[in-house]
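Undergrad: This is the structure I want to talk about, given as structure tokens.
Number of protein chains: 4
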Amino acid sequence: MSNRLEGRRVIVTDATQYSGPAIVELFREEGAEVIAANDDLSVVNAAEDLVRSVGRVDILIANLAVPFEFGPAVDRNDEEMARTMEAIYYPLHRLVRAVLPQMLERKSGKIVVTGSASALRGRSGGVALYAAARGAQLAYMRNVALEVAPHVNINATAQTYVDNPTYFPPEYQQTDDFRSRLAECPAGRLATMRECAQTVLFLAGPESNFFYGQTIPFAGGWTV
Amino acid sequence: MSNRLEGRRVIVTDATQYSGPAIVELFREEGAEVIAANDDLSVVNAAEDLVRSVGRVDILIANLAVPFEFGPAVDRNDEEMARTMEAIYYPLHRLVRAVLPQMLERKSGKIVVTGSASALRGRSGGVALYAAARGAQLAYMRNVALEVAPHVNINATAQTYVDNPTYFPPEYQQTDDFRSRLAECPAGRLATMRECAQTVLFLAGPESNFFYGQTIPFAGGWTV
Amino acid sequence: MSNRLEGRRVIVTDATQYSGPAIVELFREEGAEVIAANDDLSVVNAAEDLVRSVGRVDILIANLAVPFEFGPAVDRNDEEMARTMEAIYYPLHRLVRAVLPQMLERKSGKIVVTGSASALRGRSGGVALYAAARGAQLAYMRNVALEVAPHVNINATAQTYVDNPTYFPPEYQQTDDFRSRLAECPAGRLATMRECAQTVLFLAGPESNFFYGQTIPFAGGWTV
Amino acid sequence: MSNRLEGRRVIVTDATQYSGPAIVELFREEGAEVIAANDDLSVVNAAEDLVRSVGRVDILIANLAVPFEFGPAVDRNDEEMARTMEAIYYPLHRLVRAVLPQMLERKSGKIVVTGSASALRGRSGGVALYAAARGAQLAYMRNVALEVAPHVNINATAQTYVDNPTYFPPEYQQTDDFRSRLAECPAGRLATMRECAQTVLFLAGPESNFFYGQTIPFAGGWTV
Chain A
1 MSNRLEGRRV IVTDATQYSG PAIVELFREE GAEVIAANDD LSVVNAAEDL VRSVGRVDIL
61 IANLAVPFEF GPAVDRNDEE MARTMEAIYY PLHRLVRAVL PQMLERKSGK IVVTGSASAL
121 RGRSGGVALY AAARGAQLAY MRNVALEVAP HVNINATAQT YVDNPTYFPP EYQQTDDFRS
181 RLAECPAGRL ATMRECAQTV LFLAGPESNF FYGQTIPFAG GWTV
Chain B
1001 MSNRLEGRRV IVTDATQYSG PAIVELFREE GAEVIAANDD LSVVNAAEDL VRSVGRVDIL
1061 IANLAVPFEF GPAVDRNDEE MARTMEAIYY PLHRLVRAVL PQMLERKSGK IVVTGSASAL
1121 RGRSGGVALY AAARGAQLAY MRNVALEVAP HVNINATAQT YVDNPTYFPP EYQQTDDFRS
1181 RLAECPAGRL ATMRECAQTV LFLAGPESNF FYGQTIPFAG GWTV
Chain C
2001 MSNRLEGRRV IVTDATQYSG PAIVELFREE GAEVIAANDD LSVVNAAEDL VRSVGRVDIL
2061 IANLAVPFEF GPAVDRNDEE MARTMEAIYY PLHRLVRAVL PQMLERKSGK IVVTGSASAL
2121 RGRSGGVALY AAARGAQLAY MRNVALEVAP HVNINATAQT YVDNPTYFPP EYQQTDDFRS
2181 RLAECPAGRL ATMRECAQTV LFLAGPESNF FYGQTIPFAG GWTV
Chain D
3001 MSNRLEGRRV IVTDATQYSG PAIVELFREE GAEVIAANDD LSVVNAAEDL VRSVGRVDIL
3061 IANLAVPFEF GPAVDRNDEE MARTMEAIYY PLHRLVRAVL PQMLERKSGK IVVTGSASAL
3121 RGRSGGVALY AAARGAQLAY MRNVALEVAP HVNINATAQT YVDNPTYFPP EYQQTDDFRS
3181 RLAECPAGRL ATMRECAQTV LFLAGPESNF FYGQTIPFAG GWTV
């Protein structure tokens, strides 16, 4: 334990999903005061309410997830399209908008978006709507980051092949589809959520003060 | 004139905006039968209705534009966020979904998304919401492209610094903001819409049959 | 035939290798006066001598190839390392240096590097030394392009899966290694050299006047 | 101090140049046994001799630097071209070749290349030959990394705007050229070498076990 986040107040959203649980645990070990939020952020005002209730926020981990079914884009209806965007991208903008004023006033703050590698590399696995929402996140992040540099650091991960309950549930890991997908990953395995959280920690802590608008893939070499 | 699109039926959406007018003109010169559509595609079913009314579509130019005001992300409200996404990305999915079945049945077809370089490189100019919608387009395109390869070719441009009425109106070209922005462009000038349409033609015509899921920046060297 | 290169004097190097033959043929059909060079450009002064003997050069196609054997980097000796670099990258700098003065004086000219996708995406196929030389080409190209913009346009392709005698000889196409490699290509086939030459034509001709420093992958979707 | 490198034997090459000094210092603080090498690695066999004399190497920091003068590519002679490549890329291959056998045998090891952002983004500053050598490094790294995954982790940084004596000597920092260059950096400042070393530490230590072939820009947002 190195106390890299000693005294920092951190919001982690969707704290029980995606990379949430391991981030909460690791960040607490590193000395952070973590607010593990589980508010439904697709609700208008939920992000604003959350930030207001928390008060000072030094670090925002915009961890946003949504369960979805794989399937060809040609079969996906409007509801699925909107549901994905409203769960993954819209709350990101609302969260960023809610925390930025205090960060800009203090000229200090960090925001990390836990994004997806599906926004960086295509595949035929039926994830186009999901990838679109993740692509929106990264392009948004990149531009906002340059608007608020150098006072606030906004960056992102782009993960895949992480053993989390949202996208790699145990039953999926028994399928042939999973096995052939894993064969495309140079690491040859899923990462633990804790390993993924280490990268989030790097972008949230004091070691990345020179990073602005960057996306760090966490994907076992799959994006290389 | 080389008749590169001889006998091809082409839909160009938002035909009077963004890169639309020059695409319509150039494609007709190249022998295409162009349906220059101006339907408001943010309306549900509008894309489907358009494709049904046209019948056979060999090439879809998904040209989608929306006017917006520059401004820091921290000031942009939910309405602006949703309006941009609903004008730029949602219609793309609806259009693709509407034309793909006939293309897949014929094992032939081309789709070109006229995207934006703002999805590829960040800047501090107050375009984050717009970039997000453009980022959604490109990530979506990349994944759908691999779903339907090799029968259908889906690709995109990523343009900026194109002299079009939607994003570079004459009055904007008189501002200091425009001049300092132009100084960042290696080309040192705006491209004509016709030049941009040449790149769209490359991706729509017979010379790009080996292209799947690619994004070709058209940005005067700005993304390099 | 559209005479896109009418009256243009074009040097194509390594004209019987890599993408050379199809470029020579297509460019002549488009009206160019093509100098199909086969000088050994790893010889010092060979590039300079070639350009001097040709006189006016409107377009340089820096097509540089070298046969090599696949194999793990850990086994590759210094000779192979140097031989690859001296065949692929060193002649590029010499060619560019030789043609640029006249192009800069006329404020007009185009250079296209026929590069490789192996510089853009990694794979475990034993091509690291080759990829290094191709990576040198693209990074060099990108920087020189911005030095001489906007008067001269320097750009590159990044190809793979092209049916050429240098890298996909007929006997290799009968191997299991080839078949498993092809399975990774969304196009599911090799491109013809002529298809590849069409992309080179796009970057050499009048349709890409707004392109500076760009790399266009020609890889059947493999880089997506 | 968190002892992230406790008990690890680390070679840092060109230890007094580029990012070397800060890496040596930080890594020792983290518990590593650092061999700070200053051998001239452009000499054939020097890399092999170094590794042999060290014996067990857990981590190789391939930090390779060479002083050079900025200047247009059109003016750069063959000697400069070869000198840069022989100082930056050739020793990388020799080092990797020398340490890989023991790492592969132990199925464990990490290699970090301290690369340059000049290989990722072009600029008109007269650095094309240098960028080429850095581009060779990254393309080489990416391919070797996939050859030896998952047992050995090979990754790279791509730095610029780091306050080091090799590329940003104090006298250069007084020039107008430096000031206009700094204006293009979102961070608005140079990073300290220690900050840069933190990123190298991330890729050398236990937190990046899922990284293969990746390049992490360390550039104050300049590559975004």
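Residue numbers (my numbering), protein chains in the order written: chain A, 1 to 224; chain B, 1001 to 1224; chain C, 2001 to 2224; chain D, 3001 to 3224. Yeah, the Cβ is synthetic: ideal placement off N, Cα and C, and Gly gets one too.
1) How many Å lie between Y3130(D) and S3118(D) at the Cα?
2) With contact counted as at least three CB pairs below 8 Å, one residue from each stretch, are the region 1166-1176 of chain B and the region 1053-1063 of chain B in contact?
3) Less than 9 Å between the beta carbons of L146(A) and G213(A), yes or no?
4) Between N2038(C) and A3128(D), how many whole angstroms is the CB-CB distance? I'm expecting something under 8 Å.
5) Determine whether the Cβ of P2186(C) lies closer than 9 Å to any Cβ atom of chain A.
6) Interface residues of chain D around Q198(A) at Cβ under 7 Å?
7) Using a beta-carbon distance below 9 Å, is M3085(D) in contact with chain F?
8) For the putative contact between N3(A) and G31(A), defined by C-beta atoms under 8 Å, what is the C-beta separation to the nearest angstrom?
9) Please name the residue or residues paired with I3011(D) in a DSSP beta bridge.
10) Could you list which residues in chain D have their beta carbon closer than 7 Å to that of Y212(A), in chain order?
11) Compute the Euclidean distance between the alpha carbons of Q17(A) and N164(A), then round it to the nearest angstrom.
12) Mapping the DSSP letters down to three states, classify Q198(A) as helix, strand or coil.
13) For my contact list, F2027(C) and L2005(C) are in at a C-beta cut-off of 8 Å; report their separation, rounded to the angstrom.
14) Taking just the CA atoms, how far does A1133(B) sit from T3249(D)?
15) Is the region 1204-1219 of chain B touching the region 2181-2192 of chain C, taking contact as three or more C-beta pairs under 8 Å?
16) Applying the 10 Å Cβ sphere with the 16-neighbour rule, what's the burial state of E3069(D)?
17) Compute the Euclidean distance between the alpha carbons of T3084(D) and V3066(D), then round it to the nearest angstrom.
18) In whole angstroms, what is the alpha-carbon distance linking Q2173(C) and V3012(D)?
19) Quick one: measure Cβ to Cβ for G2135(C) and A3149(D), integer angstroms, because I've assumed they're closer than 8 Å.
20) Is the beta carbon of G2221(C) less than 9 Å from the beta carbon of R2181(C)?
21) To which residues of the same chain is A73(A) closer than 8 Å at the C-beta, ignoring the five residues directly before and after it?
22) With a threshold of 6 Å on Cβ separation, who are the neighbours of V99(A) within its own chain once the five nearest residues in sequence on each side are excluded?
23) Using a Cβ-Cβ cutoff of 9 Å, what residues of the region 1001-1022 of chain B are near chain C? List them in chain order.
24) Going by Cα to Cα distance, which pick from R1123(B), E1029(B) and E1025(B) is closest to G1071(B)?
25) Cβ of F1168(B) versus every heavy atom of the ligand ADP: is any distance shorter than 8 Å?
26) Would you please verify whether the beta carbon of R28(A) is less than 9 Å from any beta carbon of chain D?
27) According to DSSP, simplified to helix, strand and coil, what is S118(A)?
28) In the DSSP assignment, what residue or residues form a beta bridge with V2162(C)?
29) Between the alpha carbons of I1216(B) and T215(A), how many angstroms are there, rounded?
30) Please report the straight-line C-alpha distance between E1048(B) and N1153(B), rounded to a whole angstrom.
31) Going by C-alpha to C-alpha distance, which of Q3159(D), K3110(D) and M3081(D) sits closest to P3206(D)?
32) Output the distance between the C-alpha atoms of T3175(D) and Y2140(C), rounded to the nearest integer angstrom.
33) Does I61(A) come within less than 9 Å of chain D when only Cβ atoms are used?
34) Along the region 2124-2150 of chain C, where does the CB come closer than 8 Å to a CB of chain B? Name the residues.
35) From which residue to which residue does the beta strand (DSSP E) around T1016(B) run?
36) Give the straight-line distance between the Cα atoms of F1218(B) and G3055(D), rounded to the nearest whole angstrom.
TA: Looking at the atomic coordinates:
1) So the alpha carbons of these two residues sit roughly 8 Å apart.
2) Counting C-beta pairs closer than 8 Å gives fewer than three between the region 1166-1176 of chain B and the region 1053-1063 of chain B, which falls short of the contact rule.
3) For L146(A) and G213(A), yes; Cβs fall inside 9 Å.
4) 27 Å between Cβ atoms; not a contact.
5) Chain A contact via Cβ: present.
6) Ordered by position in chain D, the residues that pass the 7 Å Cβ test against Q198(A) are E3207.
7) Absence of chain F from the displayed structure is noted, the protein chains being A, B, C and D.
8) Your pair N3(A) and G31(A) checks out as a contact, with CB atoms roughly 4 Å apart and the cut at 8 Å.
9) Per DSSP, the beta bridge partners of I3011(D) are I3035(D) and L3060(D).
10) Residues of chain D passing the Cβ test: P3186, A3187, G3220, G3221 and V3224.
11) Looking at the backbone, the Cα of Q17(A) and that of N164(A) are separated by about 8 Å.
12) In this structure, Q198(A) counts as helix in the three-state DSSP scheme.
13) That belief holds up - the Cβ atoms of F2027(C) and L2005(C) are roughly 6 Å apart, short of 8 Å.
14) Absent from the model: residue 3249(D). The displayed extent of chain D is 3001 to 3224, so no value can be given.
15) Three or more pairs of CB atoms, one per stretch, sit closer than 8 Å, so the region 1204-1219 of chain B contacts the region 2181-2192 of chain C.
16) So E3069(D) counts as exposed.
17) Rounded to whole angstroms, T3084(D) and V3066(D) show a C-alpha spacing of 7 Å.
18) For Q2173(C) and V3012(D), the distance between alpha carbons rounds to 43 Å.
19) Wrong, their Cβ atoms sit about 19 Å apart, outside the cutoff.
20) Between G2221(C) and R2181(C), the C-beta spacing is not below 9 Å.
21) Around A73(A): G126, A128 and L129.
22) So the qualifying residues of the chain are V51, V57 and L60.
23) So the close ones are M1001, S1002, N1003 and R1004.
24) Nearest option by C-alpha distance: R1123(B).
25) With respect to the ligand ADP, the structure shown offers nothing to examine, as it has no ligands at all.
26) Cβ-Cβ to chain D under 9 Å: no for R28(A).
27) The DSSP-derived three-state label of S118(A) is helix.
28) Note: V2162(C) is bridge-paired with A2191(C) in the DSSP secondary-structure output.
29) If you draw a straight line from the Cα of I1216(B) to the Cα of T215(A), it comes to about 21 Å.
30) When rounded, the distance between both Cα atoms is 20 Å.
31) Closest by C-alpha distance to P3206(D), out of Q3159(D), K3110(D) and M3081(D), is K3110(D).
32) One C-alpha to the other measures close to 25 Å.
33) Chain D contact via Cβ: absent.
34) Per Cβ criterion, the list reads R2142, A2145, L2146, A2149 and P2150.
35) In this chain, T1016(B) is not harboured by any beta strand (DSSP E), its DSSP state being neither H nor E.
36) Put simply, the backbone Cα of F1218(B) is about 52 Å away from that of G3055(D).
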